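Below is one structure; the comments refer to it alone.
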Amino acid sequence: MRAAVIVFPGSNCDRDVKVALEAVTGKPAMMVWHGETSLPPVDVIVLPGGFSYGDYLRCGAMAAHSRIMADVVSRAKGGTPVLGICNGFQVLCETGLLPGVLQRNASLRFVCRDTWLRIEQTETPFTSAYRMGEIVNIPVAHGDGNYFCDEDTLDRLEGSGRVVFRYVDPETGEPTLEGNPNGAINNIAGICDGKRRIVGLMPHPERHFEKLLGSDDGRRVFESALRSVAA
Amino acid sequence: MSANYPAITPEVVAQHGFKGDEFPRLLEILGRQPTFLELGIFSVMWSEHCSYKSSRFWLRQLPTSGPQVIQGPGENAGVVDLGDGDAAVFKMESHNHPSYIEPYQGAATGVGGIMRDVFTMGARPVANLNALRFGAPDHPKTRHLVSGVVRGIGGYGNCVGVPTVGGETNFDPAYNNNILVNAMCVGLARTDKIFYSAAKGVGLPVVYVGSKTGRDGIHGATMASAEFDDKSAEKRPTVQVGDPFTEKLLIEACLELMATDVIIAIQDMGAAGLTSSTSEMADKGGVGIDLDLDHVPQREAGMTAYEMMLSESQERMLMILKPGREPEAEAIFHKWGLDFAVIGRTTDTGRLIVRHKGAIEADLPVDKLANSAPLYQRPWVPTPTPKLILPEWVPAPDGVLACLERMLATPHLCSRRWIWEQYDHTVMGDTIQRPGGDAAVVRVHGTRKGIAATCDVTPRYCLADPVMGTKQAVVETWRNLTAVGAEPLAITDNMNFASPERPEIMGQFVGAVEGMKEACLALSYPVVSGNVSLYNETNGKGIPPTPAIGGIGLVRDVSKTADLALKHDGDLIVLVGREQGHLGQSLYQLIETGRNEGAPPPVDLAEELKAGTLVRSLIGEGKATAVHDLSDGGLLVGLAEMALAGDMGVELFPYEGRLPAHAVWFGEDQGRYLIACAPSIAEEIAERARLLALPARIVGRVGGHGLALKGESPIDLFRLRTSREAWLPAYMAGELAS
């Protein structure tokens with residue numbers, strides 16, 4: 028699998044994602060600078076977490092207009108799987124590849140903690156290695172992760188299996204207020220596009236990549252990608 | 086002269102902080118009247134903040150060497166050897182004065198400044214920590230200060246993408262008007278790629294990189310060297326503004342350039358900006374520097390030479406490059422969207438010459454500028470030795486478990502989760518042990534090794550007895566590192582004190598240095614970097630002596646660390662260390678009686694060494710399932726913390742010795758650890774301790790849903806957790822009466 032990680036000025040999880048991708052694929056991941064005009068041939072594109080352009084205008088807003096994004100958008104529309112993590116999810120929403128917005132956390136504070144997610148959709152390139160309804164432990168770290176969209180969009184997302192990850196209580200597996208770190212509507216942690224090729228999520232699977240870091244529940248996001256390319 | 090500068094009158098001289106014979110001394114050095122810029126330059130270089138004029142004499146006594154030390158104090162940060170060509174670069178620094186005046190920016194730029202000190206030396210920052218002291222919760226400014234400081238620390242570190250993995254926070258009315266914000270950063274470098282600040286060589290380009298220079302922070306160093314009064318809020322314009330996004334770019338650009346062989350010397354522009362960086366680099370290299378300020382990237386028009394030389398604008402670095410290699414370096418900085426400008430050359434004149442718009446505004450001898458600051462041996466009086474108080478003198482509670490719950494619900498012992506959840510502590514994917522334990526552990530990227538880090542001091546101990554209190558602070562960092570299985574390597578010290586011009590305060594400082602020296606020598610645990618912050622007082626009322634200690638240790642295999650969470654039903658918990666029921670200066674005494682009396686618990690350095698060595702062996706052998714060092718609140722608080730961390734209850738074994746029971750449960754005797762282990766080896770562990778002449782006993786068995794003790798009603802863990810977690814969020818939400 029050839030994977031590309033887009034590096035914006037202010038990206039700060041680019042290395043972490045690279046480590047995860049390389050451990051799974053056994054091949055170097057390509058680090059593509061935001062100022063490039065086109066991507067090399069790739070099987071998977073990852074938009075990493077961080078504070079692209081300092082998040083100074085609105086999270087992800089400036090990155091969505093950086094030079095490389097034109098090619099990312101066209102590859103995505105051509106069917107190349109794209110994963111946006113945290114700031115990457117924000118960028119995907121800002122480009123319009125995914126619907127909705129990520130607002131300031133309901134607490135108005137940055138939050139870094141473990142969250143428990145229920146896998147709601149396994150037919151994507153990034154979740155095929157999970158079981159439907161499985162509860163996994165993956166941490167969040169963000170100030171603006173409060174997913175919001177209008178009612179029609181929400182109905183469409185919920186009605187067509189496009190909610191991929193949902194914050195839940197670890198004991199009951201049900202969405203709760205306490206399980207939701209940011210106030211996201213319907214406890215949504217991650218969604219996909221209509222063709223289920225583009226996935227964005229606020230939690231960081233690369234940070235729970237091996238047991239030494241607390242859990243390896245996030246590893247299968249990358250193993251799924253490998254499997255989808257092989258398939 | 087190009088600018089309309091004021092004449093050098095006695096008033097202007099006094100406004101620049103010159104005291105006593107300092108100005109006549111300057112006249113003697115120059116042999117003439119200084120220009121206005123020269124006066125400004127000397128005023129910052131001779132400020133307490135930059136010159137350490139009250140503390141230097143004493144700091145020289147600290148042990149700073151050892152086989153593990155690559156670089157001790159005197160550079161931007163200290164460097165210790167981690168083996169295999171890896172080195173840890175670390176330092177702690179205060180940003181107290183600015184954080185009180187403008188908490189968000191003050192704290193944020195404190196974090197930014199300490200990270201620059203670390204990456205200046207060629208290290209990638211991998212862990213941030215902080216030591217915070219706030220005033221009483223019911224003081225009208227406290228909530229605002231906590232909120233701003235925590236947001237500032239998070240806002241900067243989170244954006245740069247360096248995990249904030251540890252720290253400590255105290256609330257005490259003595260800090261009502263002088264909070265302390267001490268930021269620590271640990272970085273990783275290769276031992277053969279460490280960068281220093283000596284500008285060696287003549288005719289070399291002096292290069293400015295990073296953000297543009299503005300008018301912010303002018304005379305910040307001078308502000309940080311004076312007491313506060315009622316007008317301190319007017320100093321807000323001297324607080325710098327941070328831009329973590331630029332810092333992130335600056336880190337990446339500097340590390341990229343450092344991978345080449347272009348840099349001869351590099352230093353960040355911290356306190357006193359261009360002034361101190363140019364004079365220190367020139368002095369260390371034995372050269373002069375000829376600066377032309379017309380080339381300095383400027384944020385606003387019409388800045389004078391004085392403003393540029395004294396600005397403390399953030400995210401700027403000064404480099405000396407190999408001649409002719411500027412284009413290579415410039416390309417890297419432009420790729421990252423940062424300013425790059427050649428602003429001068431090194432010379433063989435030994436003088437710092439500052440030109441602006443064609444005129445020479447300063448012409449000063451570098452060696453005098455860097456080395457002629459006054460050195461004061463200020464008068465001091467030793468702190469009176471406090472009286473020991475006997476455990477019997479402090480009344481017992483009705484029940485120890487109910488008392489425990491009360492104590493855990495106070496600002497002293499409640500959970501700090503509300504704070505550290507606002508810090509990204511998992512970015513970089515190497516955080517092995519997160520906040521909330523004895524020490525954080527961060528893996529050395531791409532290896533099995535790790536760095537453990539912690540910072541500690543107990544100010545109420547230091548106030549009662551600066552020598553013993555500071556010894557305790559050093560030892561507590563050493564124990565915290567030990568409790569996760571690390572070999573302690575070295576410390577950084579952040580000496581926060583009130584005005585050194587008062588003999589009793591100077592006496593506290595002298596005592597603290599003495600205590601630190603003793604502990605460092607006994608533990609082979611040298612001081613490799615540090616910072617002194619004096620004049621932490623307002624209208625004559627000072628802070629307690631607060632020598633914050635940051636310690637780091639080496640973990641040889643990150644898969645073999647210990648944490649404090651209980652893990653297995655049926656495990657036994659062994660207490661190792663001497664029990665004396667010391668309640669003097671204990672939190673029990675403070676919380677239950679509202680008093681702060683007696684001597685702090687004594688430290689026995691020989692016993693500390695023995696206990697620490699035993700604990701590290703047990704962790705290395707895989708025999709300990711959980712480890713916790715005992716400090717604030719003593720044995721019962723330590724047991725409760727282990728139970729809560731693992732969400733497993735403990736059946737406590739009654740104490741049957743001769744001391745009053747409450748002194749055993751809450752005494753803060755030093756040199757003690759709790760070790761959980763399989764029941765089959767508990768007696769073996771206790772026996773190994775006794776062979777080292779260390780007392781040991783089994784204090785409880787893991788099991789159940791709460792803490793249970795014969796003769797008392799058990800307390801459920803859920804309830805205990807709720808009590809411990811409640812206070813800080815409720816206080817910050819304004820839900821508590823204040």
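So the protein lines, in turn, are chains A and B.
Numbering of the first sequence is given in my numbering, commencing with residue 28 and proceeding in unit increments.
Numbering of the second sequence is given in my numbering, commencing with residue 86 and proceeding in unit increments.
Where is the CB? At the ideal position from N, CA and C, for every residue including glycine.
Everything numeric in this text was worked out from a predicted model, so none of it was measured.
Task: Residue span of the beta strand (DSSP E) that contains W143/A, given as start and end - done: Taking the first sequence and counting its residues from 1, one reaches residue 143/A at position 116. If you look at W143/A, you'll find it in the beta strand (DSSP E) that goes V138 to I146.
- [ ] Please classify S823/B: is it buried, with 16 or more other beta-carbons within 10 angstroms of its beta-carbon, or exposed?
- [x] For the purposes of this step, residue 823/B is taken as the residue at position 738 of the second sequence. Confidence at S823/B is low in this model, with a pLDDT of 49, below 50, so the placement of that residue should be treated as unreliable; the coordinate-derived value is given next. Exposed: under 16 other Cβ atoms inside 10 Å.
- [ ] Consider the C-beta atom of V138/A and the heavy atoms of the ligand ZN; say whether any pair is separated by less than 7 Å.
- [x] Annotation note on the ligand ZN: not contained in the displayed structure, which lists no ligands.
Task: Beta-ladder partner(s) of Y758/B, from DSSP - done: Taking the first residue of the second sequence as position 1, residue 758/B is located at position 673. Y758/B is bridged to V661/B and D714/B.
- [ ] Output yes or no for whether 8 Å exceeds the beta carbon distance between L703/B and M727/B.
- [x] The count along the second sequence starts at 1 and reaches residue 703/B at position 618. The count along the second sequence starts at 1 and reaches residue 727/B at position 642. In this structure, L703/B sits away from M727/B, with a CB-CB distance that is not shorter than 8 Å.
Task: Closer than 8 Å to chain A by CB, E586/B - done: The residue given as residue 586/B occupies position 501 in the second sequence. No - not a single Cβ of chain A is within 8 Å of the one on E586/B.
TODO: Express the C-alpha separation of E706/B and A763/B in angstroms, rounding to a whole number.
DONE: Stepping through the second sequence from its first residue, residue 763/B is reached at position 678. Stepping through the second sequence from its first residue, residue 706/B is reached at position 621. Taking the straight line joining both Cα atoms gives about 13 Å.
Open item on the list: Using a 10 Å radius around the Cβ and a threshold of 16 neighbouring Cβ atoms, would you call M591/B buried or exposed?
Closed with: Counting from 1 along the second sequence, the entry for residue 591/B is found at position 506. Buried, because 16 or more other Cβ atoms sit within 10 Å of the Cβ of M591/B.
TODO: Assign R519/B to buried or exposed, taking buried as 16 or more other Cβ atoms, counted over all protein chains shown, within 10 Å of its Cβ.
DONE: Residue numbering aside, residue 519/B sits at position 434 when the second sequence is read from its first letter. Buried is the call here.
TODO: State yes or no: is the C-beta of Y461/B within less than 8 Å of the C-beta of S139/B?
DONE: Translated into the one-based positions of the second sequence, residue 461/B becomes position 376. Translated into the one-based positions of the second sequence, residue 139/B becomes position 54. For Y461/B and S139/B, yes; Cβs fall inside 8 Å.
- [ ] Kindly identify the DSSP beta-bridge partner or partners of T434/B.
- [x] Taking the second sequence and counting its residues from 1, one reaches residue 434/B at position 349. Answer is none; T434/B lacks a bridge partner.
Open item on the list: On the criterion of 16 or more Cβ atoms from any shown chain inside 10 Å, does D754/B qualify as buried, or is it exposed?
Closed with: On the second sequence, residue 754/B is found 669 positions in, with the first residue counted as 1. Flag for D754/B reads buried.
Open item on the list: Between the stretch 721-736 of chain B and the stretch 798-815 of chain B, can you find at least three pairs of beta-carbon atoms closer than 8 Å?
Closed with: They touch, by the three-pair rule.
TODO: Specify the secondary structure class of E724/B as computed by DSSP and reduced to three states.
DONE: Indexing the second sequence from 1 puts residue 724/B at position 639. According to the sequence provided, residue 724/B is Leu. The question's Glu does not apply to it. Reduced to three states, the DSSP call for L724/B is helix.
Task: Range covered by the beta strand (DSSP E) that runs through W60/A - done: Against the first sequence, residue 60/A aligns to sequence position 33. For W60/A, the enclosing beta strand (DSSP E) begins and ends at M57 to W60.
Open item on the list: Between G819/B and chain A, is the shortest Cβ-Cβ distance under 8 Å, so that the two count as touching?
Closed with: To locate residue 819/B, count along the second sequence from 1; it is residue 734. No, G819/B does not count as interfacial toward chain A.
Task: Helix, strand or coil at T199/A [DSSP, three-state] - done: Numbered from 1 along the first sequence, position 172 holds the residue referred to as residue 199/A. T199/A: coil per DSSP, three-state reduction.
Open item on the list: By DSSP's criteria, N579/B is part of a beta bridge. Which residues make up the other side?
Closed with: Looking up residue 579/B in the second sequence gives position 494. Looking at the DSSP assignment, N579/B forms a beta bridge with N616/B and A633/B.
- [ ] Output, in sequence order along the chain, the residues in the stretch 504-522 of chain B whose CB is closer than 9 Å to any CB in chain A.
- [x] Those would be W505, E506, Q507, Y508, D509, H510, T511, V512, M513, G514, D515, T516, I517 and R519, in chain order.
TODO: Kindly indicate if chain A contains any beta-carbon less than 8 Å away from that of C244/B.
DONE: For the purposes of this step, residue 244/B is identified with residue 159 of the second sequence, where counting begins at 1. Answer yes: the Cβ-Cβ gap between C244/B and chain A drops below 8 Å somewhere.
TODO: Please classify A771/B: does DSSP put it in a helix, a strand, or coil?
DONE: Position 686 of the second sequence, counted from the first residue, corresponds to residue 771/B. Secondary structure of A771/B (DSSP, three-state): helix.
Open item on the list: Using 8 Å as the threshold, is the C-beta distance between V712/B and A781/B below it?
Closed with: For this step, residue 712/B is matched to residue 627 along the second sequence. For this step, residue 781/B is matched to residue 696 along the second sequence. The Cβ-Cβ distance between V712/B and A781/B does not fall below 8 Å.
Task: Beta-carbon proximity of M206/B to V294/B, cut-off 8 Å - done: The count along the second sequence starts at 1 and reaches residue 206/B at position 121. The count along the second sequence starts at 1 and reaches residue 294/B at position 209. No, the Cβ-Cβ distance between M206/B and V294/B is not below 8 Å.
- [ ] Take every Cβ of the stretch 567-584 of chain B, pair it with every Cβ of the stretch 434-453 of chain B, and state whether three or more of those distances are shorter than 8 Å.
- [x] In short, these stretches do not touch, since the Cβ pair count stays below three.
Open item on the list: Can you list, in chain order, the residues of its chain with a C-beta nearer than 7 Å to that of Q146/B? Leave out the 5 residues immediately preceding and following it.
Closed with: The residue you call residue 146/B lines up with position 61 of the second sequence. Same-chain partners within the cutoff: V598 and K602.
- [ ] Identify the contact partners of R234/A in chain E, using a Cβ-Cβ distance below 7 Å as the criterion.
- [x] This model lacks chain E altogether; the protein chains it does include are A and B.
- [ ] Starting from V643/B, find everything on chain A with Cβ-Cβ shorter than 8 Å and list it in chain order.
- [x] Residue 643/B sits at position 558 when you count from the first residue of the second sequence. Scanning chain A for C-beta atoms nearer than 8 Å to the C-beta of V643/B yields L239, reported in chain order.
Open item on the list: Taking DSSP's pairing of strands, which residues face R39/B in a bridge?
Closed with: The question about residue 39/B has no answer here: the residues shown for chain B are numbered 86 through 823.
Task: Pairwise C-alpha distance: P739/B and E49/A - done: As a position in the first sequence, residue 49/A is number 22, starting the count at 1. As a position in the second sequence, residue 739/B is number 654, starting the count at 1. About 54 Å.
Open item on the list: Does any residue of chain A have a CB that is nearer than 8 Å to the CB of G570/B?
Closed with: Stepping through the second sequence from its first residue, residue 570/B is reached at position 485. G570/B does not count as touching chain A.
- [ ] Out of T360/B, I186/B, G220/B and F204/B, point me to the one whose CA is closest to L124/B's CA.
- [x] One-based indexing of the second sequence puts residue 124/B at position 39. T360/B is the residue among T360/B, I186/B, G220/B and F204/B whose C-alpha sits nearest the C-alpha of L124/B.
Open item on the list: According to DSSP, is T94/B part of a helix, a strand, or is it coil?
Closed with: As a first step, residue 94/B must be located in the second sequence, where it is residue number 9. In this structure, T94/B counts as coil in the three-state DSSP scheme.
Task: Neighbour flag for S823/B against chain A, beta carbons, 8 Å - done: Locating residue 823/B in the second sequence gives position 738, counting from the first residue. Caution is warranted here: a pLDDT of 49 is assigned to S823/B, below 50, making its placement in the model unreliable, and no coordinate value can be reported.
Open item on the list: Using C-beta distances below 7 Å, list every residue in its chain close to L574/B, excluding the 5 sequence neighbours before and after it, in chain order.
Closed with: Start at 1 with the first residue of the second sequence, and residue 574/B comes out as number 489. Same-chain partners within the cutoff: Q153, V165, I637, G638 and L639.
TODO: Alpha carbon to alpha carbon, how far is K54/A from G531/B? Give it in angstroms, no decimals.
DONE: Translated into positions along the second sequence, residue 531/B becomes position 446. Translated into positions along the first sequence, residue 54/A becomes position 27. If you draw a straight line from the Cα of G531/B to the Cα of K54/A, it comes to about 16 Å.
Task: Beta-bridge pairing of C270/B - partner residues as DSSP gives them - done: Indexing the second sequence from 1 puts residue 270/B at position 185. Beta-bridge annotation (DSSP): C270/B is paired with K176/B and N213/B.
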